[in-house]
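Asks: Provided herewith is a single structure, encoded as structure tokens, for subsequent inquiry.
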Amino acid sequence: MRFIGAGAIAVASLWTLGRLAGPVIGGLTSALAASRAVKAGKGDELPITERDIPIGVVGLVCLACLAPIAVLLWTFLNGTALQSMMIPLIIAAVVYIALAGFLVAAVCGYMAGLIGSSNSPVSGMAILAVLGAALVMVGLAKTAAGPDGAPALIAFVLFVTAVLLAVAVAANDNLQDLKTGQLVNATPWKQQVGLVVGVIAGSVVIPPVLELLNKAYGFAGAANVNTITNEPLPAPQATLISTLARGVIDGGVRWDLIGIGALVGVGLVVIDEVLRRTKRFSLPPLGVGMAIYLPSAVIAPVVVGAVVGWLYDRWAEKKTHGEAAKRLGVLTASGFIVGESLFNVAYAGLIVATGKDSPLALVSESFEAIALPLGLASLIAVVLGLYYWTEKKAANLG
2 MRFIGAGAIA VASLWTLGRL AGPVIGGLTS ALAASRAVKA GKGDELPITE
52 RDIPIGVVGL VCLACLAPIA VLLWTFLNGT ALQSMMIPLI IAAVVYIALA
102 GFLVAAVCGY MAGLIGSSNS PVSGMAILAV LGAALVMVGL AKTAAGPDGA
152 PALIAFVLFV TAVLLAVAVA ANDNLQDLKT GQLVNATPWK QQVGLVVGVI
202 AGSVVIPPVL ELLNKAYGFA GAANVNTITN EPLPAPQATL ISTLARGVID
252 GGVRWDLIGI GALVGVGLVV IDEVLRRTKR FSLPPLGVGM AIYLPSAVIA
302 PVVVGAVVGW LYDRWAEKKT HGEAAKRLGV LTASGFIVGE SLFNVAYAGL
352 IVATGKDSPL ALVSESFEAI ALPLGLASLI AVVLGLYYWT EKKAANLG
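Written as structure tokens, this is what we have:
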């Protein structure tokens, strides 16, 4: 099923990329026009929302960033079975990252700016990225690496894909922030400077958090030899990406299943285009593709949440302050997500600090049969209470 889902997502991602060619070209044309106006001394005449960091500076910074990426790739390959192939592998990887990174940033960033980063097709881009990287590296080094070098080649492909995923998530955050700034007439170049600082800050904060989670829980598919809880966190996307990389390099990838998934993706695209003409319905191919390969334990809560949110919106629309209630509902739900995430990180820190797998346990494991339904009932009560409180807040504002 993962291979079928990968094929469907690949087709849907390519279709999305094709549809975004016009807007991306338009954005580049606008940036070049603004740069020419600044060079001609007419920068003060530009609308405040068109004052970006000059596109030439952006291009130079992008080129400069390829140097530390090359150093990172060299460090990764040094001392491995691929050391004799380091130079051609690094050159190929850097060129691939530059080209594929532009496409990945275009698709993910545009979708994040349009409908939010939670709906950005990072998973689809990851599948395309790992397939492309694996095919490039196989053509370049599989014969020279031999069977002993296959594991190192798989690891290198995954490392290159990780760089591209960093590009994707950075594009998500940047374009969502810039879209918000555009709505309030912010000055883009000031935002862009802040976003650079944000990327640096994220690079400092995220690795220790991941290491903390690794020590407390571990991740599915990893060795997890030194974890405290021995309850690995699920990583379905990572599992799929590593399976694809290993399959392409070892020759065991099920291209027939990927082909079936591609046909499914074509069918989904056709159905979506037909439905969109009704102006009432749609069937996002990327969403369906992700639902095929992600576990139901991941997808089911999203579906339930979407239905609950839809019911709340229908209820709020009947109020005189309905629009305010809907907006506050979205903010409340967002805070609920952030709060849960922060609590989980704090709880992982408590596990590592105490060395106990259940540092907040108050009862024995025999209470689990009661705890599960009690926890579900508490969650439902909290959600309903938050929505009710949000609606009352909207009424007071209105």
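Numbering of the sequence shown is given in the working numbering, commencing with residue 2 and proceeding in unit increments.
Backbone N, C-alpha and C fix where the C-beta goes; we use that ideal spot for every residue, glycine too.
What residues match up with residue 220 in a beta bridge as DSSP calls it?
Replies: According to DSSP, residue 220 bridges with 234.
Asks: In three-state terms, what does DSSP make of residue 54?
Replies: Coil at residue 54, not helix or strand.
Asks: Within a Cβ cutoff of 8 Å, which residues of the same chain sit near residue 246, ignoring the five residues on either side of it in sequence?
Replies: Around residue 246: 131, 134, 135, 155, 158, 159, 162.
Asks: Which two residues bound the contiguous alpha helix (DSSP H) that contains residue 338?
Replies: Segment 323-355, the alpha helix (DSSP H) holding residue 338.
Asks: Assign residue 22 to buried or exposed, taking buried as 16 or more other Cβ atoms, counted over all protein chains shown, within 10 Å of its Cβ.
Replies: It is exposed - the Cβ of residue 22 has fewer than 16 other Cβ atoms within 10 Å.
Asks: Going by DSSP in three states, residue 297 sits in which element: helix, strand or coil?
Replies: Residue 297 falls in the helix class under three-state DSSP.
Asks: In whole angstroms, give me the CA-to-CA distance for residue 287 and residue 196.
Replies: Taking the straight line from one Cα to the other gives about 28 Å.
Asks: Which same chain residues end up closer than 8 Å to residue 346 when comparing Cβ atoms and leaving out the 5 residues on each side of it in sequence?
Replies: Same-chain partners within the cutoff: 210, 213, 214.
Asks: Looking only at its chain, what residues have a beta carbon closer than 8 Å to the beta carbon of residue 89, apart from the 5 residues adjacent to it on each side?
Replies: Cβ neighbours of residue 89 beyond the five flanking positions: 141, 142.
Asks: Which residue comes first and which comes last in the alpha helix (DSSP H) that contains residue 177?
Replies: Start and end: 151-184.
Asks: Count the other CB atoms within 10 Å of the CB of residue 327; is the residue buried (16 or more) or exposed (fewer)?
Replies: The residue is buried, with at least 16 neighbouring Cβ atoms inside 10 Å.
Asks: Compute the distance between the beta-carbons of residue 165 and residue 68, then report whether it is under 7 Å.
Replies: No; because the gap between Cβ atoms is not below 7 Å, this pair is not in contact.
Asks: What do you reckon, are the CB atoms on residue 49 and residue 188 nearer than 7 Å?
Replies: Against a cut-off of 7 Å, the Cβ pair of residue 188 and residue 49 comes out as a contact.
Asks: Pairing CB atoms from the stretch 75-84 with CB atoms from the stretch 217-226, are three or more of them under 8 Å?
Replies: Touching, no, given that fewer than three Cβ pairs across the two stretches are closer than 8 Å.
Asks: Check each candidate in 181, 282, 26 and name the one with the smallest Cα separation from residue 108.
Replies: Comparing Cα positions, the closest option is 26.
Asks: If you pair each beta-carbon of the stretch 292-311 with each one of the stretch 2-9, do three or more pairs fall below 8 Å?
Replies: Result yes; three or more Cβ-Cβ pairs closer than 8 Å.
Asks: Mapping DSSP to helix, strand and coil, what is residue 226?
Replies: In this structure, residue 226 counts as coil in the three-state DSSP scheme.
Asks: Quick one: measure Cβ to Cβ for residue 330 and residue 244, integer angstroms, because I've assumed they're closer than 8 Å.
Replies: So it is not a contact: roughly 38 Å between Cβ atoms.
Asks: Given that a residue counts as buried once 16 or more other Cβ atoms are within 10 Å of its Cβ, and exposed if not, what is residue 126?
Replies: That one is buried.
Asks: CA-CA distance, residue 37 and residue 191?
Replies: Cα-Cα distance, rounded: 20 Å.
Asks: What did DSSP end up calling residue 314 once you bin it into helix, strand or coil?
Replies: It is helical.
Asks: Where in the stretch 78-142 do unbroken runs of the alpha helix (DSSP H), each at least 4 residues long, occur, reported from the N-terminal end onward?
Replies: Segments of the alpha helix (DSSP H) lying fully in the stretch 78-142: 87-116.
Asks: With DSSP run on the structure shown, which of helix, strand or coil describes residue 264?
Replies: Residue 264 falls in the helix class under three-state DSSP.
Asks: Does the distance from the CB of residue 14 to the CB of residue 129 come in under 7 Å?
Replies: Yes.
Asks: Would you mind reading off the limits of the alpha helix (DSSP H) that contains residue 12?
Replies: Run containing residue 12: 3-20, per the alpha helix (DSSP H) assignment.
Asks: Does the Cβ-Cβ distance between residue 325 and residue 395 come in under 7 Å?
Replies: Yes; because the gap between Cβ atoms is below 7 Å, this pair is in contact.
Asks: Could you compute how far the alpha carbon of residue 278 sits from the alpha carbon of residue 270?
Replies: Those two C-alpha atoms are separated by around 13 Å.
Asks: Using the Cα positions of residue 2 and residue 297, report the straight-line distance between them to the nearest angstrom.
Replies: Spanning the two alpha carbons is a distance of roughly 12 Å.
Asks: Report the rounded CA-to-CA distance for residue 315 versus residue 153, giving the unit in angstroms.
Replies: Cα to Cα, the separation comes out at about 54 Å.
Asks: Counting along the chain, where does the alpha helix (DSSP H) carrying residue 383 start and finish?
Replies: 369-398 is the span of the alpha helix (DSSP H), which, as asked, contains residue 383.
Asks: May I ask whether a heavy atom of the ligand SAH can be found less than 6 Å away from the beta carbon of residue 52?
Replies: This structure lacks the ligand SAH, and indeed carries no ligand of any kind.
Asks: What three-state label does DSSP hand residue 278 in the structure shown?
Replies: Residue state, collapsed to three classes: coil.
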